[in-house]
Amino acid sequence: MVISEQDPWLKKFLRCVGEEFFDSLRETAFTGVICPSLSAYHLVEHRIWLDNRSCIQQFMSALLDRGLPGIFFTYLENSPEHQKWLTDYLRLNPKQSFVATGFDRNFSGKNLKRRIELLAEVRNSLGRPLNIVLNCVLTRLPEIRYASALFPGRVYLLGQSVFQRSVQGSSLSLSSEGTLKWSEKDVKFPRGAALFLHNTAILNSAIATQVPSFYQEETAVA
Numbered sequence: 015m016v017i018s019e020q021d022p023w024l025k026k027f028l029r030c031v032g033e034e035f036f037d038s039l040r041e042t043a044f045t046g047v048i049c050p051s052l053s054a055y056h057l058v059e060h061r062i063w064l065d066n067r068s069c070i071q072q073f074m075s076a077l078l079d080r081g082l083p084g085i086f087f088t089y090l091e092n093s094p095e096h097q098k099w100l101t102d103y104l105r106l107n108p109k110q111s112f113v114a115t116g117f118d119r120n121f122s123g124k125n126l127k128r129r130i131e132l133l134a135e136v137r138n139s140l141g142r143p144l145n146i147v148l149n150c151v152l153t154r155l156p157e158i159r160y161a162s163a164l165f166p167g168r169v170y171l172l173g174q175s176v177f178q179r180s181v182q183g184s185s186l187s188l189s190s191e192g193t194l195k196w197s198e199k200d201v202k203f204p205r206g207a208a209l210f211l212h213n214t215a216i217l218n219s220a221i222a223t224q225v226p227s228f229y230q231e232e233t234a235v236a
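Take 15 as the starting number for the sequence shown in the numbering used here and just add one per residue.
See the structure below:
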């Protein structure tokens with residue numbers, strides 16, 4: 015589950031959320047609740063950045079205090095200050111081993127690789143393993159392969175593209191060159207649940223054969 019919205023709505027939600035919300039999460043048995051990032055851009059006033067971070071931390075604390083699986087989310091910035099803050103935050107929370115990060119729909123492979131490298135630097139500074147949740151990355155095998163090389167066995171994929179395309183009638187296939195390809199509105203498959211199961215099977219098979227490090231165990235931290 016990912017909580018995401020515009021900043022004013024999120025701030026009001028995070029400050030007013032009650033026990034009914036947490037009870038409903040507990041009943042649904044989500045694997046993880048990914049907290050919002052809110053804004054933290056270079057052009058935003060620093061006091062707003064601190065306010066947003068405080069919202070995230072308080073929500074994380076509310077989840078964990080109730081035994082719910084909260085996962086920290088951050089849009090990584092290529093700045094020493096942001097990296098130092100993230101490292102310090104994780105050092106102050108030694109039991110926190112998951113970090114989620116997201117990307118725009120049309121993000122570049124170069125952008126993803128840089129963010130993964132930044133997370134690897136944070137992990138190395140901490141001296142302990144980290145599990146990485148990649149939002150909006152499901153069928154981009156080169157990017158999955160790169161992330162898995164730096165975090166073998168510790169990469170988790172999250173997104174809606176496979177489900178959405180299955181509902182729309184698109185089928186996924188693995189080419190002889192080892193790349194995934196979408197066929198839009200494939201008449202050979204009825205759209206819906208059956209196509210979704212077919213597409214997820216293709217995706218799982220592609221990752222198993224093309225990205226073996228995805229399932230490997232990380233043996234050491236640099």
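Built from N, CA and C at the ideal position, the CB exists for glycine as well.
**Study point:** Proximal residues to F121 (C-beta, below 8 Å), its chain only, five neighbours per side dropped
**Key:** Around F121: C150.
Review point. DSSP puts Y170 in a beta bridge; with which residues?
Key: V147
**Study point:** For V169 and E157, the rounded distance between their alpha carbons
**Key:** 11 Å
Review point. Is it true that the CB of S219 sits closer than 8 Å to the CB of P241?
Key: Only positions 15 to 236 of the chain appear in the structure, and residue 241 is not among them; the question remains open.
Check your understanding: K185 to T45, Cα distance in whole Å?
Key -> The sequence shown places Ser at residue 185, not Lys. Their backbone Cα atoms lie some 27 Å apart in a straight line.
Exercise for review: Please classify L90: does DSSP put it in a helix, a strand, or coil?
Suggested key: L90 sits in coil when the DSSP states are folded into three classes, being neither helix nor strand.
Check your understanding: Thinking just about the alpha-carbon of each residue, which of V113, V147, S93 is nearest to the one in I70?
Key -> V113
**Study point:** Beta-carbon proximity list for R84, same chain, < 7 Å, skipping 5 on both sides
**Key:** A small fix is needed here, since residue 84 is Gly in this sequence, not Arg. The answer, listed in chain order, is V47, C49, M74, L77, L78.
Exercise for review: Could you tell me which of R29, K195, L28 sits nearest to L152, measuring between CA atoms?
Suggested key: K195
Review point. Count the other CB atoms within 10 Å of the CB of A10; is the residue buried (16 or more) or exposed (fewer)?
Key: Past the boundaries of the shown model lies residue 10; the chain is included only from 15 to 236, so the question cannot be answered.
Exercise for review: For F112, write down the residues that DSSP places opposite it in a beta bridge.
Suggested key: N145
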